[in-house]
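> Chains as they are written, first to last, in my numbering: chain A, 1 to 261; chain B, 1001 to 1261.
There are 2 protein chains.
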Amino acid sequence: MVGSDAGRKAILEGPTVVLVEPQLGDNIGFAARAMLNGGLTELRLVRPRDGWPNPRAEAAAAGADLVIENARLFATAEEAVADLNHVFATTARRRDMVKPVMTPRRAAAEMRRAVARGERVGILFGGERSGLANDDVALADTLIRVPLNPEFSSLNLGHAVMILAYEWFQAGDATPDERLVAGRGRLATKAELANFFRRLEGALDARGFFHVREKRPAMVRNIRSIFQRARLTDHEVGTLHGIVTALMRAPRARRDGDTPE
Amino acid sequence: MVGSDAGRKAILEGPTVVLVEPQLGDNIGFAARAMLNGGLTELRLVRPRDGWPNPRAEAAAAGADLVIENARLFATAEEAVADLNHVFATTARRRDMVKPVMTPRRAAAEMRRAVARGERVGILFGGERSGLANDDVALADTLIRVPLNPEFSSLNLGHAVMILAYEWFQAGDATPDERLVAGRGRLATKAELANFFRRLEGALDARGFFHVREKRPAMVRNIRSIFQRARLTDHEVGTLHGIVTALMRAPRARRDGDTPE
Chain A
1 MVGSDAGRKA ILEGPTVVLV EPQLGDNIGF AARAMLNGGL TELRLVRPRD
51 GWPNPRAEAA AAGADLVIEN ARLFATAEEA VADLNHVFAT TARRRDMVKP
101 VMTPRRAAAE MRRAVARGER VGILFGGERS GLANDDVALA DTLIRVPLNP
151 EFSSLNLGHA VMILAYEWFQ AGDATPDERL VAGRGRLATK AELANFFRRL
201 EGALDARGFF HVREKRPAMV RNIRSIFQRA RLTDHEVGTL HGIVTALMRA
251 PRARRDGDTP E
Chain B
1001 MVGSDAGRKA ILEGPTVVLV EPQLGDNIGF AARAMLNGGL TELRLVRPRD
1051 GWPNPRAEAA AAGADLVIEN ARLFATAEEA VADLNHVFAT TARRRDMVKP
1101 VMTPRRAAAE MRRAVARGER VGILFGGERS GLANDDVALA DTLIRVPLNP
1151 EFSSLNLGHA VMILAYEWFQ AGDATPDERL VAGRGRLATK AELANFFRRL
1201 EGALDARGFF HVREKRPAMV RNIRSIFQRA RLTDHEVGTL HGIVTALMRA
1251 PRARRDGDTP E
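(1) Cα separation between A/Arg-145 and A/Asn-134?
(2) Candidates B/Glu-1151, B/Ala-1203, B/Val-1121, B/Val-1237: which alpha carbon is nearest B/Glu-1042's?
(3) Please work out which residues of its chain come closer than 8 angstroms, Cβ to Cβ, to A/Ala-75, disregarding the five sequence neighbours upstream and downstream, and give them in chain order.
(4) Please name the residue in A/Leu-232, A/Leu-180, A/Ala-160 whose C-alpha comes closest to that of A/Gly-127.
(5) Within 9 angstroms of any Cβ in chain B, is that where the Cβ of A/Leu-180 sits?
(6) If I follow the unbroken beta strand (DSSP E) through A/Pro-262, where does it start and stop?
(7) Nearest-angstrom Cα distance between A/Arg-106 and A/Arg-93?
(8) Starting from the beta carbon of B/Leu-1155, find every residue of chain A whose beta carbon is closer than 7 angstroms, and list them in chain order.
(9) Check whether the region 1017-1032 of chain B touches the region 1060-1068 of chain B, taking contact to mean three or more Cβ pairs, one atom from each stretch, closer than 8 angstroms.
(10) Among the candidates A/Glu-13, A/Gln-228, A/Gly-185, whose CA atom is the shortest distance from the CA of A/Asp-113?
(11) Between which two residues does the beta strand (DSSP E) carrying A/Leu-180 extend?
(12) Quickly, what does DSSP pair B/Met-1102 with across the bridge? List them, please.
(13) When the Cα atoms are used, what is the spatial distance from B/Arg-1186 to A/Pro-100?
(14) Is it the case that the Cβ atoms of A/Ile-68 and A/Gly-29 are separated by a distance below 9 angstroms?
(15) Does any residue of chain A bring its CB to less than 9 angstroms from the CB of B/Leu-1019?
(16) Is B/Val-1121 near the ligand MN, judged by its Cβ being under 8 angstroms from some heavy atom?
(17) Curious, which full-length alpha helix (DSSP H) runs of at least 4 residues does the region 1201-1259 of chain B contain?
(18) Round the Cβ separation of A/Ala-77 and A/Asp-136 to the nearest angstrom and send it over; I've been treating them as touching at under 8 angstroms.
(19) Interface residues of chain A around B/Thr-1233 at Cβ under 7 angstroms?
(20) Distance cutoff 9 angstroms, beta carbons only. Does A/Ile-163 sit that close to anything in chain B?
(21) Alpha carbons only, please: which of A/Met-97, A/Leu-143, A/Gly-158, A/Leu-200 is nearest the one belonging to B/Asp-1177?
(22) Per DSSP, B/His-1086 forms a beta bridge with which residues?
(23) Is B/Leu-1043 helix, strand or coil when you go by DSSP?
(24) Just the Cα atoms here: how many angstroms apart are A/Met-162 and A/Met-102?
(25) What are the partner residues of A/Val-17, as DSSP defines its beta bridges?
(26) Please identify the residue among B/Gly-1131, B/Phe-1196, B/Ala-1031 whose C-alpha is closest to the C-alpha of B/Arg-1224.
(27) What residue range is occupied by the uninterrupted beta strand (DSSP E) comprising A/Leu-73?
(28) For A/Pro-53, count the other beta carbons within 10 Å of its own beta carbon; 16 or more makes it buried, fewer makes it exposed. Which is it?
(29) Between the beta-carbon of B/Leu-1180 and the beta-carbon of B/Arg-1231, is there less than 9 angstroms?
(30) Once DSSP output is grouped into helix, strand and coil, what is the label at B/Leu-1155?
(31) Using only the alpha-carbon positions, how far apart do B/Thr-1090 and B/Leu-1124 sit?
(32) Identify each residue in the region 61-73 of chain A for which the Cβ-Cβ distance to at least one residue of chain B is less than 9 angstroms, and report them in chain order.
(33) Should B/Phe-1152 and A/Ala-64 be called a contact, given that it needs their Cβ atoms to be closer than 9 angstroms?
(34) Quick check: the Cα distance between A/Gly-51 and A/Phe-88, rounded to an integer number of angstroms?
(35) Whole angstroms are fine: how far does the CA of B/Ala-1109 sit from the CA of A/Leu-193?
(36) In terms of residue numbering, what span does the alpha helix (DSSP H) encompassing A/Met-35 cover?
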């Protein structure tokens, strides 16, 4: 079932999330929602304490029905990872096991590479009370430890899934890290800016703003700097022209309903 | 109240989290827990629907009492950001406003720089139902949009705070992105490995494993490759010596309680 759309394919083949002995249905639902936020759809549950299906999980999933409905139940973590090639385990505690430990960011990049090679990847999360048992951690090739405030590092289960799903998505996302959203229009050209600057400075000359002539060049530079820093759009330059026009206008007659000046 | 410890100082001066009209106490608590996970302590609440203090928030905070107890109430978002220098606003929806939009990662780097310059930073989060109103977004210098599955991009409030608190912490954290945790001991030296290889190959010679002599060099390379890939610790090399010793030993006599072979 390989789609022609590469994006869709990547979503279908993203890592499987395995929750081992989760307790609260709410947390399973929060995990499902976080998974789908990050484009992950395959959820496996090992001995959920309150049984399955669980109406509280469905409510907390807030529309991530796809994940909840396709969740699969397993009796042991070993069975839940049986068809996978590369298993990651999240753990806050130090374990007396010799395994590579990665940050979520590095692990997500590793998962992307594994999926691109055609490998099946899974991430184990332990239950709310005490995390993964040592025997479950032993199933993993790689441990993931989230760098956090050392004095308060215990993550909510849903939050832990959110961080991994978030990093998985970021590792395959090309959104520019910063852009200017121009609601209407586009960034003004330098010619449009220069035209406005001359208009403003002409108006200020006409009203005697630059009364100390030798200070005029520096003041002009400072005023231009204010508007340049604002990275104006063409539409905003039009608005500023309108403001200059309005301020230059002769005072209009008071009308009823006007705020007193 | 500036501590001498730079790490402690950075935590004290991290961004203020402003929740505007949050609805569920649970979500305020989840947000507080996520904040403290990321080393953030200053929470401000604008018109929380269910009043304040809220016992459900305290329960969900799961020990982040420091954050809950010091939370401050405000009547408007404008008042809540009045003493700040740089305000970020999280928003999933497109707004018809001309403002820079950053990813959480880029925004976190920007926040670290602002804090290092001595500026006070805040992050606005909207309520569960509809996010921030346009007038609240207008208070912000910079918008933050989290790149997520475009078909399911609505974040739980606690999850949104978690992502920002997580990125804030990562932006100031120096954890190596990958390391091998050697529970006991250290990585073996090449001399220790070579010593084990000679021991193993000697044992295999003694037991006739390399019966096709011309294949011996390639087989030796392949076997060495298995153990090299495992990146053994000194302790594990000792264990492997013990395994070779045990396998070479003459079969011991059956004892009661032994599993039949």
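Beta carbons are placed, not taken as given, at the ideal position from N, Cα and C, and that holds for glycine.
On the basis of the data shown:
(1) 15 angstroms
(2) B/Val-1121
(3) Val-46, Arg-47
(4) A/Ala-160
(5) Yes, A/Leu-180 counts as interfacial toward chain B.
(6) Because chain A is modelled from 1 through 261, residue 262 of chain A falls outside the range shown and cannot be assessed.
(7) Taking the straight line from one Cα to the other gives about 19 angstroms.
(8) Asn-37
(9) Here the region 1017-1032 of chain B lies against the region 1060-1068 of chain B, with 3 or more beta-carbon pairs under 8 angstroms apart.
(10) It should be pointed out that residue 113 of chain A corresponds to Arg in this sequence rather than to Asp. Minimum Cα distance to A/Arg-113 is reached at A/Glu-13.
(11) If you look at A/Leu-180, you'll find it in the beta strand (DSSP E) that goes 178-181.
(12) A/Glu-178, B/Ile-1144
(13) B/Arg-1186 and A/Pro-100: Cα-Cα distance of roughly 13 angstroms.
(14) Yes.
(15) no
(16) With respect to the ligand MN, the structure shown offers nothing to examine, as it has no ligands at all.
(17) 1216-1229, 1234-1248
(18) 4 angstroms
(19) Val-98, listed in chain order.
(20) yes
(21) A/Leu-143
(22) B/Val-1121
(23) strand
(24) 17 angstroms
(25) According to DSSP, A/Val-17 bridges with A/Leu-43, A/Ile-123.
(26) Here the closest residue by C-alpha is B/Phe-1196.
(27) Where A/Leu-73 is concerned, the enclosing beta strand (DSSP E) starts and stops at 72-74.
(28) exposed
(29) yes
(30) coil
(31) 6 angstroms
(32) Flagged, chain order: Ala-62, Gly-63, Ala-64, Leu-66.
(33) yes
(34) So the two alpha carbons sit approximately 25 angstroms from each other.
(35) 31 angstroms
(36) It spans 25-37 - the alpha helix (DSSP H) in which A/Met-35 sits, taken as one unbroken run.
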